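In case it helps, my numbering puts the sequence shown at residues 5 to 377.
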Amino acid sequence: MEAMVDHAQLNEPVVQADESARHSSRAFLIPETDDRSSGVRIGGVELTGRTVLAPLAGVTDRSFRTLCREQGASLAVTEMVSARGLVHGGERSSEYLDFRPDEAPISVQVFGSDPDVMAAGAAVVAEREPDLIDINCGCPVKKIVNRNAGAALMREPEKLGEIVSAMFEAVSTPITVKIRSGWDREENAPEVARVVEDAGAAAIAVHGRSRASRFKGRADWDVIRRVKEAVGVPVAGNGDVRSSDDAERMVEETGCDLVMVGRWAIGNPWLFGRIERRLSGMPEIDPPTIGERMEVAIDHLWRSVDLKGRAKGVYELRNHLAAYVKGIESAVPLRRSLLTEGEPEEVERILRHVARTEGDLVAEDPGERGGRT
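Following this line, the structure appears as structure tokens:
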């Protein structure tokens with residue numbers, strides 16, 4: 005059984021820094037020049053690299069997006085937002101449009117199934133001037149597909165084409181689409197990709213799993229290759245990218261223009277920088293030490309608190325915190341306290357204790373465990 009933390013042992017005082025100081029964690033692994041260009045253009049948007057933070061519900065809020073961008077991601081996508089909720093002015097839906105100009109380029113992902121509602125929702129999003137608007141055609145969650153949205157649209161390519169066309173006509177913002185390999189074992193992603201390209205999509209992201217597979221099993225990268233061969237717009241590959249080795253193999257095997265990373269970036273935002281270095285031919289850099297990892301975790305903590313308030317900011321960071329300390333031996337007895345503590349100062353104190361205990365060591369990189377071979 006995990007022991008509860010003895011706060012008397014965590015004797016380093018927490019000194020509150022101002023916001024600019026707290027939000028200055030070193031971008032450990034990004035390429036060493038700002039003069040980057042991947043040559044990939046989505047509509048009129050030119051990206052400075054080849055990595056994309058995937059949209060993840062409950063994960064890709066502004067605190068995580070900005071952190072991943074600083075660590076090397078060339079584009080970040082928001083959590084999915086209901087087009088109908090936007091049209092009806094739902095407060096929760098509007099919160100998902102909380103992005104800042106310095107996040108550019110930024111993509112907002114919307115979901116829905118009615119072309120007219122999706123077009124109206126896109127118009128609401130466009131008022132906030134994001135760089136891209138993405139259509140969710142990949143979410144496997146039952147409550148979404150039961151509305152004929154998300155991955156359910158893989159069963160209705162013609163309707164999806166109507167949605168893309170309606171949104172394309174409604175706004176000047178480039179429209180992109182994130183799809184899966186198919187609804188079930190019949191992989192129709194290449195067909196769907198051609199439909200959405202013809203309807204006006206400026207780029208397509210492909211998760212190499214069907215809705216039936218959800219997140220189980222091995223992603224089928226061959227379907228990404230077939231989509232890339234089927235269309236002329238940029239294609240982002242997604243699924244099982246846990247390391248820079250995986251990213252390099254994905255590009256070699258599929259020819260994809262961009263690499264989209266989702267779950268494996270949690271607790272591991274520096275993965276984007278490592279991938280960018282690999283794909284740009286730069287030498288590898290050692291992963292961050294445990295001390296550096298904890299500094300990033302603390303930075304993320306206070307970004308979340310600044311964004312959501314003390315209680316909610318800590319509560320909604322729990323999955324991230326668990327990932328930051330995964331594989332660190334000294335954190336095992338502190339894990340329960342770390343994930344149940346509600347005061348941000350105490351969470352920071354625990355993280356600093358871990359840093360003091362093993363700060364110069366390098367833990368197993370979260371992205372390297374069980375990598376694709």
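Ideal Cβ placement from N, Cα and C applies to all residues, glycine included.
Owing to the predicted nature of the structure, the values given are computational and were not obtained by experimental measurement.
Looking at the unbroken beta strand (DSSP E) that takes in residue i, where does it start and where does it end?
{"i": "residue 354", "result": "Here residue 354 belongs to no beta strand (DSSP E); instead the alpha helix (DSSP H) covers 348-362."}
{"i": "residue 242", "result": "239-242"}
{"i": "residue 1", "result": "Outside the displayed span of the chain (5 to 377) sits residue 1, for which this structure offers no information."}
{"i": "residue 211", "result": "207-211"}
{"i": "residue 214", "result": "Taken as a continuous stretch (DSSP letters only), residue 214 belongs to no beta strand (DSSP E), as it is neither H nor E."}
{"i": "residue 115", "result": "110-115"}
{"i": "residue 51", "result": "Unbroken run through residue 51: none, as it is neither H nor E."}
{"i": "residue 145", "result": "Segment: none, residue 145 is in no beta strand (DSSP E) and carries neither H nor E."}
{"i": "residue 203", "result": "Element bounds for residue 203: not the beta strand (DSSP E) but the alpha helix (DSSP H), 193-203."}
{"i": "residue 180", "result": "179-184"}
{"i": "residue 338", "result": "Neither: residue 338 is in no beta strand (DSSP E) and is coded neither H nor E."}
How about residue i and residue j: do their beta carbons lie closer than 8 Å?
{"i": "residue 127", "j": "residue 170", "result": "no"}
{"i": "residue 341", "j": "residue 321", "result": "no"}
{"i": "residue 91", "j": "residue 121", "result": "yes"}
{"i": "residue 203", "j": "residue 165", "result": "yes"}
{"i": "residue 77", "j": "residue 57", "result": "yes"}
{"i": "residue 55", "j": "residue 276", "result": "yes"}
{"i": "residue 343", "j": "residue 301", "result": "no"}
{"i": "residue 152", "j": "residue 114", "result": "no"}
{"i": "residue 248", "j": "residue 282", "result": "yes"}
{"i": "residue 271", "j": "residue 207", "result": "no"}
{"i": "residue 240", "j": "residue 260", "result": "yes"}
{"i": "residue 184", "j": "residue 214", "result": "yes"}
{"i": "residue 200", "j": "residue 168", "result": "yes"}
{"i": "residue 82", "j": "residue 68", "result": "no"}
{"i": "residue 4", "j": "residue 305", "result": "The structure shown does not extend to residue 4, since the chain is modelled only from 5 through 377, so no value can be given for it."}
So the candidates are the options; which of them puts its Cα closest to the Cα of residue i?
{"i": "residue 264", "options": "325, 238, 320, 152", "result": "238"}
{"i": "residue 212", "options": "333, 290, 155, 131", "result": "155"}
{"i": "residue 149", "options": "336, 216, 240, 285", "result": "216"}
{"i": "residue 138", "options": "191, 267, 79, 95", "result": "79"}
{"i": "residue 61", "options": "44, 272, 53, 86", "result": "86"}
{"i": "residue 59", "options": "178, 182, 236, 352", "result": "182"}
{"i": "residue 285", "options": "53, 236, 349, 45", "result": "53"}
{"i": "residue 290", "options": "298, 278, 299", "result": "278"}
{"i": "residue 273", "options": "209, 325, 256, 253", "result": "325"}
{"i": "residue 227", "options": "200, 258, 250, 168", "result": "258"}
{"i": "residue 317", "options": "296, 229, 351", "result": "351"}
{"i": "residue 295", "options": "84, 334, 73", "result": "334"}
{"i": "residue 158", "options": "195, 330, 242, 299", "result": "195"}
{"i": "residue 330", "options": "319, 303, 297", "result": "297"}
{"i": "residue 74", "options": "303, 46, 135", "result": "303"}
At the level of alpha carbons, what is the spacing between residue i and residue j?
{"i": "residue 110", "j": "residue 161", "result": "26 Å"}
{"i": "residue 143", "j": "residue 288", "result": "34 Å"}
{"i": "residue 49", "j": "residue 205", "result": "13 Å"}
{"i": "residue 197", "j": "residue 64", "result": "25 Å"}
{"i": "residue 193", "j": "residue 337", "result": "46 Å"}
{"i": "residue 348", "j": "residue 107", "result": "25 Å"}
{"i": "residue 361", "j": "residue 244", "result": "32 Å"}
{"i": "residue 96", "j": "residue 262", "result": "31 Å"}
{"i": "residue 267", "j": "residue 179", "result": "24 Å"}
{"i": "residue 253", "j": "residue 232", "result": "15 Å"}
{"i": "residue 332", "j": "residue 269", "result": "17 Å"}
Buried or exposed: where does residue i fall if 16 or more other Cβ atoms within 10 Å of its Cβ makes it buried?
{"i": "residue 358", "result": "buried"}
{"i": "residue 176", "result": "exposed"}
{"i": "residue 219", "result": "exposed"}
{"i": "residue 323", "result": "exposed"}
{"i": "residue 105", "result": "exposed"}
{"i": "residue 190", "result": "exposed"}
{"i": "residue 315", "result": "exposed"}
{"i": "residue 147", "result": "exposed"}
{"i": "residue 132", "result": "exposed"}
{"i": "residue 116", "result": "buried"}
{"i": "residue 224", "result": "buried"}
{"i": "residue 89", "result": "buried"}
{"i": "residue 313", "result": "exposed"}
{"i": "residue 43", "result": "exposed"}
{"i": "residue 188", "result": "exposed"}
{"i": "residue 346", "result": "exposed"}
{"i": "residue 256", "result": "exposed"}
{"i": "residue 99", "result": "exposed"}
{"i": "residue 236", "result": "exposed"}
{"i": "residue 125", "result": "buried"}
{"i": "residue 186", "result": "buried"}
What span of residues does the alpha helix (DSSP H) with residue i cover, start to end?
{"i": "residue 302", "result": "294-312"}
{"i": "residue 231", "result": "225-234"}
{"i": "residue 167", "result": "161-174"}
{"i": "residue 97", "result": "95-99"}
{"i": "residue 122", "result": "119-130"}
{"i": "residue 153", "result": "First-last for residue 153: undefined, no H or E at that position."}
Does the beta carbon of residue i come closer than 8 Å to any beta carbon on chain C?
{"i": "residue 258", "result": "Note that chain C does not occur in the displayed structure, where there is just one protein chain."}
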